[in-house]
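**Student:**
There are 2 protein chains.
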Amino acid sequence: MKQQLNTIAMLGQAYSLLGFKIVDGVVGAGFPQKPSHSAVFAQIRPEGSRLTELARGANITPQAMGELVDELEELEYVVRRPDPTDRRAKLVVLTDKGRACIAAGITTIEGIEHRITETLGAHGHRQLRTLLRKLLDAG
Amino acid sequence: MKQQLNTIAMLGQAYSLLGFKIVDGVVGAGFPQKPSHSAVFAQIRPEGSRLTELARGANITPQAMGELVDELEELEYVVRRPDPTDRRAKLVVLTDKGRACIAAGITTIEGIEHRITETLGAHGHRQLRTLLRKLLDAG
DNA sequence: CGAATATCCTAAGGTAGCCTGAATATCAGG
DNA sequence: CCTGATATTCAGGCTACCTTAGGATATTCG
């Protein structure tokens with residue numbers, strides 16, 4: 001579970017770890033309107049994910065997740081397709097527009113990371129990440 | 140305006156600066172129920188502050204601030220007293236309980252800061268603050 | 001087959017945290 | 001003393017985000 005994290009995510013986690021509540025980031029123009037929508041984008045698998053699966057991952061009820069998916073479907077970021085392996089289920093799948101949206105978000109994040117490196121220097125940026133890593137590991 | 144900031148506040152500001160939205164911190168048991176309540180505690184002056192003054196500082200409408208103060212008054216953290224210098228206005232003043240609440244919050248924050256120093260070492264903690272300071276100044 | 005289980009949907013409800021609009025009281029200046 | 005600005009309050013509304021309740025349908029298991 002100790003995956004590679006970008007600096008802003010580490011900042012957020014550190015902040016959260018220290019007893020603060022944070023709202024999930026809405027980074028850049030590529031992302032949809034509601035902060036909670038990123039709960040879908042962050043989780044959805046390339047082959048598509050089930051509603052209940054997404055709900056469990058986001059720790060909300062399937063009904064609440066259903067509403068989010070409704071909205072994202074309306075915005076044409078995802079579509080619901082029948083699951084070929086289980087005819088009870090439907091798969092929530094990203095559309096091209098959805099993938100473009102994620103790509104735009106990633107570009108924004110990369111831009112921010114770049115700006116951090118510019119400000120702190122490569123060495124400083126590495127130092128910052130190391131310190132944050134230590135904080136997260138200790139927490 | 141470049142006052143001394145503790146590390147957690149700096150983390151939060153940095154995170155916010157980088158395009159994320161954060162909910163104000165609820166640190167420790169000393170603080171009241173709602174995150175937004177800290178908008179009052181953070182601003183209120185020892186002699187008391189006016190409602191509109193607090194509203195401007197928190198960048199919300201006086202009506203919204205009025206509701207927050209209502210709640211805090213209900214919880215006996217503050218009282219409304221007539222302003223001796225202006226009979227239109229009332230002063231929102233901390234009670235003993237309110238001051239105790241702030242003190243408890245500060246104690247909690249100090250505890251967290253202490254834990255950070257323990258984890259990173261005094262040198263590491265200073266380094267972290269320096270790096271965050273740079274990020275904030277650049278933003 | 002029939003019962004239990006899984007998935008999904010609709011509907012209704014609730015809270016937090018804001019907002020606008022309008023009423024009332026007071027102040028400050030000519 | 002009239003006028004326009006300022007301070008507060010009451011009333012009503014809104015959005016984001018989540019819940020519980022109940023029911024439809026499809027699948028798996030004994």
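So the sequences go chain by chain: A and B. Heads up: the first sequence begins at 1 in the numbering used here, then just goes up one per residue. Heads up: the second sequence begins at 140 in the numbering used here, then just goes up one per residue. Glycine included, every Cβ here is placed at the ideal spot set by N, Cα and C.
Helix, strand or coil: how does DSSP classify Arg-238/B here?
**Tutor:** Of the three classes helix, strand and coil, the one that applies to Arg-238/B here is helix, per DSSP.
**Student:** Based on DSSP bridge pairs, tell me the residues matched to Ser-188/B.
**Tutor:** For Ser-188/B, which the question treats as bridged, DSSP gives the partners Val-231/B.
**Student:** Can you list the residues of chain B that Gly-124/A reaches, using a CB-CB cut of under 8 Å?
**Tutor:** Those are Leu-270, Lys-273, listed as they occur along chain B.
**Student:** Taking only beta-carbon atoms, is Ile-255/B less than 9 Å away from chain A?
**Tutor:** For Ile-255/B, the answer is yes, since a Cβ of chain A falls inside 9 Å of its Cβ.
**Student:** Starting from Pro-84/A, trace the beta strand (DSSP E) both ways and give me its first and last residue.
**Tutor:** Premise fails: Pro-84/A is in no beta strand (DSSP E) and is neither H nor E.
**Student:** Are there 16 or more other CB atoms within 10 angstroms of the CB of His-114/A, so buried, or fewer, so exposed?
**Tutor:** His-114/A should be labelled exposed.
**Student:** In angstroms, rounded to a whole number, what distance separates the CA positions of Asp-137/A and Ser-16/A?
**Tutor:** C-alpha separation (whole angstroms): 13 Å.
**Student:** Of all Cβ atoms in chain B, is any one closer than 9 Å to the Cβ of Thr-107/A?
**Tutor:** No, because no Cβ of chain B sits closer than 9 Å to the Cβ of Thr-107/A.
**Student:** Spell out whether any CB of chain B is found under 9 Å from the CB atom of Thr-85/A.
**Tutor:** Cβ-Cβ to chain B under 9 Å: no for Thr-85/A.
**Student:** Pairing CB atoms from the region 175-195 of chain B with CB atoms from the region 223-238 of chain B, are three or more of them under 8 Å?
**Tutor:** Verdict: yes, contact present.
**Student:** Check the Cβ of Gln-127/A against every Cβ in chain B and list those closer than 7 Å, keeping chain order.
**Tutor:** Correct list: Gln-266, Leu-270.
**Student:** To the nearest angstrom, how far is it from the Cα of Gly-244/B to the Cα of Ile-251/B?
**Tutor:** If you take the alpha carbons of Gly-244/B and Ile-251/B, they lie about 11 Å apart.
**Student:** Nearest-angstrom Cα distance between Pro-84/A and Thr-107/A?
**Tutor:** Looking at the two C-alpha atoms, the distance is approximately 33 Å.
**Student:** Which partner residues does Val-78/A have in the DSSP bridge list?
**Tutor:** DSSP output for Val-78/A lists Leu-94/A as bridge partner(s).
**Student:** Which residues in chain B have a C-beta closer than 8 Å to the C-beta of Leu-103/A? List them in chain order.
**Tutor:** Inspection of the sequence shows that residue 103/A is occupied by Ala rather than by Leu. Neighbours of Ala-103/A on chain B: none; closest Cβ ~17 Å, over 8 Å.
**Student:** Name the chain A residues whose beta carbon is nearer than 7 Å to that of Ala-277/B?
**Tutor:** The answer, in chain order, is Thr-119.
**Student:** Measure the C-alpha to C-alpha separation of His-125/A and Gln-266/B and round it to an integer number of angstroms.
**Tutor:** Going from the Cα of His-125/A to the Cα of Gln-266/B covers about 11 Å.
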